[in-house]
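> Following this message is one structure expressed as structure tokens.
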Amino acid sequence: MRVLFVCLGNICRSPTAEGVLRHQLQAAGLAGQVQVASAGTGDWHVGKGPDSRTCKAALARGYDLSQQRAQQVKAEHFAEYDLILAMDESNLRHLRAMRAPNATGELDLFLRRYGAPVDEVPDPYYGGAEGFEQVLDLIEAACHELVVEIKGRL
Ligand code: 4NP
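Numbering (my numbering), first residue to last: 3 to 156.
The structure is reproduced here in structure tokens:
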């Protein structure tokens, strides 16, 4: 199974989700069976590592994001991934607009799919440190539910 997380810049929210899911899959003994990646709808940060505040907050919880590099989402990703998960409604609209009608990859809003108390992972880029903790809290909980789904699908 192949999962792609998508946000705006691919330096805060979706790299966090990539790192958290990888970690949880490793713990569940499923790392070899699932391919995980992330991308941004924008191209401003392509080739760069995640935001330093994102890396710091993630590392404090045991997630090392330092090897990740930003990429922009492209139409071919809908053939390369089985499940494409948007961090917010704006990302979802962008992805819907670029998805071919016959594309195989399933597209959904990440938090809503997994029954989180809010539908969107708030963009932490222009805010303070607490925003990065909130991103981690929301993503960790939703990834637990995603792992349950993955176990059922494998
Ligand atoms: P992300 O956060 O979408 O979670 O990676 C952002 C990162 C950068 C920008 C916006 C959001 N930016 O405008 O550069």
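The C-beta atom is built at its ideal place from N, Cα and C for all residues, glycine as well. Just so we're clear, the structure is a prediction, and the values are computed from it rather than from any experiment.
Touching or not, the stretch 35-50 and the stretch 61-77, by the rule of three or more beta carbon pairs under 8 Å?
They touch, by the three-pair rule.
> What are the partner residues of residue 141, as DSSP defines its beta bridges?
Position 139 of the sequence shown, counted from the start, is the residue given in the question as residue 141. Bridge partners of residue 141: none, in fact.
> Can you look up residue 24 in the DSSP assignment and give me helix, strand or coil?
Here residue 24 corresponds to residue number 22 of the sequence shown, with the count starting at 1. DSSP places residue 24 in helix when its eight states are reduced to three.
> Whose C-beta lies closer than 7 Å to the C-beta of residue 102 among residues of the same chain, with five residues either side of it excluded?
Here residue 102 corresponds to residue number 100 of the sequence shown, with the count starting at 1. Answer for residue 102: 77, 80, listed in chain order.
> Roughly how many whole angstroms lie between the Cα atoms of residue 14 and residue 125?
If you number the sequence shown from 1, residue 14 lands on position 12. If you number the sequence shown from 1, residue 125 lands on position 123. One C-alpha to the other measures close to 8 Å.
> Taking the C-alpha atoms as reference points, what is the distance between residue 45 and residue 151?
Along the sequence shown, read from residue 1 onward, the residue named residue 45 stands at position 43. Along the sequence shown, read from residue 1 onward, the residue named residue 151 stands at position 149. Whole-angstrom Cα-Cα distance: 31 Å.
> Can you determine whether any heavy atom of ligand 3 sits closer than 7 Å to the C-beta of residue 42, and answer yes or no?
Ligands present in the displayed structure are limited to ligand 1, and ligand 3 is not among them.
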